[in-house]
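J.:
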Amino acid sequence: MKKPRVLLADDHKIVIEGLKNLLGGEFEIVGSVEDGRALVDQAATLHPDVIVADISMPQLNGIEAARQIKKTDKNIKIVFLTMHPDATYAANAFEAGASGFVLKHSAPSELMTAIHEAMKGRTYVTPLIAGDLIRTYQEGGSPEKDLFKKISPRQREILQLLAEGKSGKEIASILNISARTVEFHKYKMMEQLHIKTNSELVQYAVKHGIISV
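Just so you know, the sequence shown maps onto residues 35 to 247 in the working numbering.
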């Protein structure tokens, strides 16, 4: 029987090696990447059955990467493996098209189950935050969250790169756009979010899980 094909994404090599040991017997590990942009590229090239990805990754976080992957291939299942025991992260992950949300310290006991559930077209969320996640959905959106949803995917990409300390020229090179376009998006976003300084932008990116401290 053909083994399901799995692509791994985490910016810590020791985590990648641990996942290979954990999953290698039951799944075919087709590749591993250390940032979100590489994840999007490799997903398009390798067409895995399942992606196991961290949320906090450089250049493009896992949730934004998932959004891009799902736009081009709805069949790829994405299971997030993260240190963030926060229902807001989980809600954002599922809104982006994820099939599973597992905490890293629970990986030995839960990750296999999450992948199998994803392969069956179901969703899996670690029991440790399931109650909080349900309450998050019951409470609905907040004005601040609704404001966050108004910024475009391109603006979220620029927000992450700015928060990582990249210059306008560096961002332009990474995204293959002009520096003027970067500045336009930056100031448009600051206007939409009612943010006035770069330090406030970084704080906002951390608060909404676009980068982690």
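Ideal Cβ placement from N, Cα and C applies to all residues, glycine included.
Under the rule that 16 or more other beta-carbon atoms within 10 Å means buried, what is GLY134, buried or exposed?
T.: buried
J.: Ignoring anything shorter than 4 residues or poking outside the region 39 to 66, list the alpha helix (DSSP H) runs there in chain order.
T.: 47 to 57
J.: Once DSSP output is grouped into helix, strand and coil, what is the label at LYS220?
T.: helix
J.: From what residue to what residue does the beta strand (DSSP E) around ILE112 run?
T.: 111 to 116
J.: In this structure, how does DSSP classify LEU137 when only helix, strand and coil are distinguished?
T.: Strand at LEU137.
J.: Pick helix, strand or coil for ALA127, following the three-state DSSP scheme.
T.: helix
J.: For LEU41, is the classification buried or exposed, using 16 other Cβ atoms within 10 angstroms of its Cβ as the cut-off for buried?
T.: buried
J.: If distances are taken between C-alpha atoms only, which option among ILE211, LYS203 and GLY199 comes closest to LEU235?
T.: Nearest of ILE211, LYS203 and GLY199 to LEU235, Cα basis: GLY199.
J.: Just to confirm my understanding: we take GLU98, look at its own chain, exclude 5 residues before and 5 after, and list those with CB closer than 8 Å. What are they?
T.: GLY70, ALA130, PRO187, ARG190, GLU191, GLN194 and ILE244
J.: Label LEU162 either buried or exposed according to how many other C-beta atoms from any shown protein chain fall within 10 Å of its C-beta, with 16 as the threshold for buried.
T.: exposed
J.: Tell me whether VAL240 is buried or exposed, calling it buried when 16 or more other Cβ atoms sit within 10 Å of its Cβ.
T.: exposed
J.: Over what stretch of residues does the alpha helix (DSSP H) that includes ILE192 continue unbroken?
T.: 187 to 197
J.: How would you write the range of the beta strand (DSSP E) that ILE85 sits in, first residue to last?
T.: For ILE85, the enclosing beta strand (DSSP E) begins and ends at 84 to 87.
J.: Considering only residues of the region 136 to 173, which uninterrupted alpha helix (DSSP H) runs meet the minimum length of 4 residues and lie entirely inside it, listed in chain order?
T.: 141 to 153 and 161 to 173
J.: Do you know how far the Cα of SER201 is from the Cα of THR160?
T.: 38 Å
J.: From the DSSP output, in three-state form, read off LEU227 for me.
T.: helix
J.: With a threshold of 16 other CB atoms inside 10 Å of the CB of GLU144, please say whether the residue is buried or exposed.
T.: buried
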